[in-house]
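Undergrad: Before I ask anything, let me first share the structure, which is written out below as structure tokens.
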């Protein structure tokens, strides 16, 4: 199983029936492919849609029905559309149960940097700052390292997205949470040891006596 | 509300004007108005919008034709041309969180002196802004945004200027229609009065100044 699939499958297990969920671009989008059977969730696209469905069949795309990347999507029965003020009211107002976003760095307390690399990549924060500040639960889907360098660090060198700590980081090696503002290893991927995770993590990691394996 | 020909509508816009332009990655952007601005070569424009779309799409056409002096947007990541002009100092780009941007526009259009949002507290976004504590929680004071013109794209417009929108092409359009001195609208379909049911009107006719005739 490749890294992206491990991450997406594991995060999909966090979904509960009836949740309103916003998926970011990249690995987070893949989570929609692994929704557990019998679990109906509402997916929000922040451009103004609840009830985002899969890609349209060829020839069935509509130019006015798109995801937050501007690509054609479908709307499931019961879907609804709204303006951007409502969309971010849902996000900021405590109505969004979970957001899944990509990450560049997460620090030892769970604070996220994911919107710019000064001097190199300045795409703009889009909705990321509102999502991290406002969602009830923030889950980060990212590779554990970038070009061999740990992404879970003592302190973010990149500009923060929010000072609100994220709830869960899922990588191809591990599931990490931040109780009491301490990075804590919750699970390892199949075939991965706690030592492997520690070796690839810059932040000090709290490791409980028993660390179960991800069940994929 | 007046109906107006496309070229005359754009002739109202002087060089150096500030424009709010609806749309999200080009979806729901008044594409004909954008094309006509490029044709007439309006310059030194300030654009307030969600994003600068992609090259050759929506607001991306204005960027490509080098007509912008300033952009207040939440995202430029899918338009390398905007990033290039920003790095070169040709466009001044102010990046705002998307939810903050829409609320600043709403404040401008709804007569509010600003909004308080938790988004951006403790990040680079708070630079130069006042932090205000309410019931023990910190918020940034974000000031209202208005523009000389709002360029809005609706799905249906009736002959009076009542507007409704379609699916994800709604986005910033109805809020921008409240926040500019002059509101210019294009619509997919221009229909008789009464065809948009009162409950389905999103933008009321009195806020629309010009409805561009369809070809």
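Residue numbers (my numbering), protein chains in the order written: chain A, 1 to 216; chain B, 1001 to 1215. Every residue, glycine too, gets a C-beta built ideally from N, C-alpha and C. Predicted model only: the values in this text are computed from it and were never measured.
Report the start-end ranges of each beta strand (DSSP E) in the region 1109-1176 of chain B that is 3 residues or longer and not cut off at the edges.
TA: 1115-1117, 1131-1134, 1137-1142, 1147-1158, all fully within the region 1109-1176 of chain B.
Undergrad: Less than 7 Å between C-beta atoms, sequence neighbours within five positions excluded: which residues of the same chain meet that for residue 15 of chain A?
TA: Answer for residue 15 of chain A: 21, 35, 36, 39, 41, listed in chain order.
Undergrad: What is the DSSP secondary structure of residue 182 of chain A, counted as helix, strand or coil?
TA: The answer is coil: DSSP assigns residue 182 of chain A none of H, G, I, E or B.
Undergrad: Can you list, in chain order, the residues of the region 1081-1102 of chain B whose Cβ is nearer than 9 Å to any Cβ on chain A?
TA: Cβ contacts with chain A: 1083, 1086, 1087, 1093, 1095, 1096, 1097, 1098, 1099, 1100, 1101, 1102.
Undergrad: What residues are listed by DSSP as bridge partners for residue 1094 of chain B?
TA: According to DSSP, residue 1094 of chain B bridges with B:1072.
Undergrad: Check the Cβ-Cβ distances between residue 1027 of chain B and every residue of chain A, and say whether any is below 8 Å.
TA: Yes, contact with chain A.
Undergrad: Using a 10 Å radius around the Cβ and a threshold of 16 neighbouring Cβ atoms, would you call residue 157 of chain A buried or exposed?
TA: When all chains shown are included, residue 157 of chain A counts as exposed.
Undergrad: Which residue's Cα is closest to the Cα of residue 116 of chain A: B:1167, B:1136, B:1076, B:1153?
TA: When only C-alpha atoms are compared, the closest one is B:1076.
Undergrad: Could you tell me which chain A residues have their CB closer than 7 Å to the CB of residue 1172 of chain B, listed as they occur along the chain?
TA: Result: 84.
Undergrad: Of the residues that make up the region 162-176 of chain A, which ones have a beta carbon closer than 7 Å to any beta carbon in chain B?
TA: Cβ contacts with chain B: 162, 163.
Undergrad: From which residue to which residue does the alpha helix (DSSP H) around residue 1083 of chain B run?
TA: Residues 1080-1087.
Undergrad: Compute the Euclidean distance between the alpha carbons of residue 184 of chain A and residue 168 of chain A, then round it to the nearest angstrom.
TA: Using only the alpha carbons, I get a separation of about 10 Å.
Undergrad: Relative to the C-alpha of residue 166 of chain A, which residue among A:123, A:9, A:100 is closest?
TA: Per the Cα distances, A:100.
Undergrad: Is the CB-CB distance between residue 1189 of chain B and residue 1030 of chain B below 8 Å?
TA: No, they are not a contact pair.
Undergrad: Mind checking the region 126-156 of chain A against chain B and listing, in chain order, the residues whose C-beta falls within less than 9 Å of any C-beta there?
TA: Answer in chain order: 126, 127, 128, 129, 130, 131, 132, 133, 134.
Undergrad: Considering only their Cβ atoms, is the gap separating residue 1039 of chain B from residue 1212 of chain B smaller than 8 Å?
TA: Contact: no.
Undergrad: From the DSSP output, which residues share a beta bridge with residue 1195 of chain B?
TA: DSSP, once it has assigned bridges, lists no residue as partnering residue 1195 of chain B.
Undergrad: Could you run through the region 22-52 of chain A and flag, in chain order, every residue whose CB is less than 8 Å away from some CB of chain B?
TA: Listed by position, the residues of the region 22-52 of chain A near chain B (Cβ gap below 8 Å) are 45, 46, 47, 48, 49.
Undergrad: Quick one: grab the DSSP three-state call for residue 88 of chain A.
TA: Residue state, collapsed to three classes: helix.
Undergrad: I think residue 51 of chain A touches residue 80 of chain A, with their Cβ atoms under 8 Å apart; what is that distance to the nearest whole Å?
TA: About 6 Å; that satisfies the 8 Å criterion.
Undergrad: Strictly below 8 Å CB to CB, what residues from chain A border residue 1152 of chain B?
TA: The contacting residues do not exist; residue 1152 of chain B stays about 12 Å from chain A at best.
Undergrad: First and last residue of the alpha helix (DSSP H) that includes residue 1007 of chain B?
TA: Counting along the chain, the alpha helix (DSSP H) containing residue 1007 of chain B begins and ends at 1006-1011.
Undergrad: Kindly indicate which three-state DSSP category residue 236 of chain A falls into: helix, strand or coil?
TA: As shown, chain A starts at 1 and ends at 216. That puts residue 236 of chain A outside it, with no answer to give.
Undergrad: Which residues does DSSP pair with residue 53 of chain A in a beta bridge?
TA: Looking at the DSSP assignment, residue 53 of chain A forms a beta bridge with A:74.
Undergrad: Compile a chain-ordered list of the residues in the region 1104-1121 of chain B whose CB is closer than 9 Å to at least one CB of chain A.
TA: Listed in sequence order: 1105, 1106, 1117, 1118, 1119, 1120, 1121.
Undergrad: Using 8 Å as the threshold, is the C-beta distance between residue 84 of chain A and residue 68 of chain A below it?
TA: No, the pair does not count as a contact, with Cβ atoms beyond the cut-off.
Undergrad: Going along chain B in order, which residues have a C-beta closer than 8 Å to the C-beta of residue 88 of chain A?
TA: Correct list: 1098, 1099, 1102, 1103.
Undergrad: Taking the alpha carbon of residue 181 of chain A as the reference point, which residue from A:78, A:203, A:128 has its own alpha carbon closest?
TA: If we check each option's Cα against that of residue 181 of chain A, A:203 comes out closest.
Undergrad: Could you tell me which uninterrupted alpha helix (DSSP H) segments, each at least 4 residues in length, are contained entirely in the region 187-215 of chain A, listed from first to last along the chain?
TA: You should have 194-199.
Undergrad: In whole angstroms, give me the CA-to-CA distance for residue 154 of chain A and residue 112 of chain A.
TA: Those two C-alpha atoms are separated by around 12 Å.
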